[in-house]
Structure formats: C-alpha cells, structure tokens
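Chemist: Below: one structure in structure tokens.
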Amino acid sequence: MSSATGTSSSSKEKADRGNDKWAESATDSEAEEKITRKFSSASLCSTDGGEDVDDDDDDDDDDKTPGLLGPQLALKDQLEKDKDDESLRKWKEQLLAGVDLSEVGENPDPEVKILSLTISSPDRLDLVLPIPFVSNSKGFVFALKDGSRYRLKFSFTVSNNIVLGLRYTNTVWKTGVRVEKTKKMLGTFSPQREPYTYELEEETTPSGIFARGSYSAKTKFVDDDGKCYLDINYYFEIRKDWPAS
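UniProt numbering numbers the first residue of the sequence shown as 1 and each following residue consecutively.
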C-alpha cells in the first residue's frame, strides 16, 4: 500500500487556539437548540449542502483559479507525444515507475475513488469509516471525546491517468456558524492497483462544555482541473467521554 504522510503538529498553543475558535459559536441557549440531522450524502460534486449554512467553499480564489491543467490525452498517447521532451519524459517515467501500462485504459480522464476515512487516537482502536458514511440512530457518523488528540487518514485509488494537484477540503459548522476550514494539497498521483493512503497532521478536539455537541461537516476532494471526486455532507459529535466501544 502506497502512503503519503503529513507533518505532525501538536502543541498546547494550537489546542488552545482550537478551543477558542470552536467555542465561539456556542451560546447559553445551545442546549435548547434542535439541529435536524440527516444520513450522510455523498456525490460527485453534490449541490446539497446538508444543513442550511453559509457555505463559501466556492468563494475562495484558490478554489476558482485552476492550476496546471491535467492530462487531455490517454496515458499511452501522452507518453508517445512526450518522448522527444527529455525532462518531461523523465518526470513521467519516474512518476509512473511500477505502473503496468497494459492495464491502463484509453480514457484520458483520471479517476479517483475515495475508499475510507480512518480516525486514529492514542490508546484507542482505529475507527475505519467506509465511504459513503453510515450514520448511527442519532444521525452521527462518529463521536470524539473533547480535548482528545486524533489523526485522520484517507485511503483512495487512482486509475486511468495521472491526477494532478489532488486536494482535500473539510469545512465544519456548529449551530450554523463555520468554526473550522482545513485545506490540504495531497499531491500528484499515478494510476496503480493498490490504494494510496494519506495521513493528515495530528489535531486536538476543542474542550469544555461549550465545545460539546453536534457539528455538521462537508468534505471535498478536487484536482487542479476542478474535477470533484467526492463531495460529502455528514454530522459528528463531540462528547465529554468516548462512546462505548
């Protein structure tokens, strides 16, 4: 299994900043507020935003401006076309090392399938969540203990062609107010049979009574061409204690 790992970043200062940011949306009447939760919905660039919130994912300049345009030819045709460009040929040969070209299709468009999300926390068994997510009876996909350290790890496959500039965006809301937005450039990946894994930096959940409760989230995977491979909305919970295993 191929892997790409983010740089660890864990500190008390970061945790304190996270607590302040996530708790800003809490109010004294929060306990009385009712939030309607749905089962998670996944699609190829869904327009369903789940909770009625101010989703400004598409308002940012870096989401609108395309980067290096991806392949417009089938992979075999690209290699033939680039054979006289030594630097480009060497770059692609290095990127495609180990790829069986006889198994690569004629489709010029890369295909990325996000398989699962894994949540890892010290002294806890890894929680593996296949995609699309399945919510529990309360409408939550998962629950985390407040003030706990955790990492997210994604598993995905790439087929047909090279995917350029695959990036991950995750936006979190509490009671309709955006409290967190994470953007991560994952990189460029060649097609292969085995899944890739990508592990994000360690994070710490906010702590305190105002940080607990229901959160809605939206996760997207998009490449440099603006092609969306996953757009999923779901709910999770931050609790005083870990849920029973």
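Here a beta-carbon is modelled for each residue, glycine too, at the ideal position from N, C-alpha and C.
Quick one: give me the first and last residue of the beta strand (DSSP E) that Thr169 is part of.
Modeler: Element bounds for Thr169: 163–174.
Chemist: Report yes if the C-beta distance between Ser121 and Lys145 is below 9 Å; otherwise report no.
Modeler: yes
Chemist: Would you mind working out which of Leu88, Arg239, Leu129 sits nearest Phe210, comparing C-alpha positions?
Modeler: Considering only alpha carbons, the answer is Arg239.
Chemist: What does the alpha-carbon distance come out to for the pair Phe140 and Tyr235?
Modeler: 5 Å
Chemist: With H, G and I counted as helix, E and B as strand and the rest as coil, what does DSSP make of Ala143?
Modeler: In this structure, Ala143 counts as strand in the three-state DSSP scheme.
Chemist: So, using beta-carbon positions, are Ile114 and Phe156 closer together than 9 Å?
Modeler: yes
Chemist: Between which two residues does the beta strand (DSSP E) harbouring Lys184 extend?
Modeler: 177–189
Chemist: From Thr118 to Leu125, what distance separates their C-alpha atoms?
Modeler: 10 Å
Chemist: So Arg151 packs on Leu200, CB below 8 Å; how close in whole Å?
Modeler: 6 Å
Chemist: Can you check which of these residues, Val179, Gly147, Thr171, is closest to Glu202 by C-alpha distance?
Modeler: Gly147
Chemist: Apply the 10 Å Cβ neighbour rule to Asp85 and answer buried if 16 or more other Cβ atoms are within range, or exposed otherwise.
Modeler: Exposed, since its Cβ has fewer than 16 Cβ neighbours within 10 Å.
Chemist: Classify Ala211 as helix, strand or coil using the three-state DSSP reduction.
Modeler: Per DSSP, reduced to three states, the secondary structure at Ala211 is helical.
Chemist: Name the residue from Tyr198, Lys138, Glu180, Ser159 whose alpha carbon lies nearest to the alpha carbon of Arg167.
Modeler: Arg167 has its Cα closest to that of Tyr198, out of Tyr198, Lys138, Glu180, Ser159.
Chemist: Could you check if Trp242 is buried or exposed, using at least 16 other CB atoms within 10 Å of its CB as the buried criterion?
Modeler: exposed
Chemist: Out of Asp109, Ala217, Pro206, Val158, which has the shortest C-alpha to C-alpha gap to Thr182?
Modeler: Ala217
Chemist: Relative to the C-alpha of Leu164, which candidate in Arg178, Glu194, Glu111, Phe133 has its C-alpha closest?
Modeler: Of the candidates Arg178, Glu194, Glu111, Phe133, the one whose C-alpha sits nearest the C-alpha of Leu164 is Glu111.
Chemist: Which residues mark the beginning and the end of the beta strand (DSSP E) in which Ser120 is found?
Modeler: 111–120
Chemist: Once the 5 residues before and after Asp109 are set aside, which same chain residues still bring their CB inside 7 Å of it?
Modeler: For Asp109, where only same-chain residues beyond five positions count, the Cβ hits under 7 Å are Asn160, Asn161.
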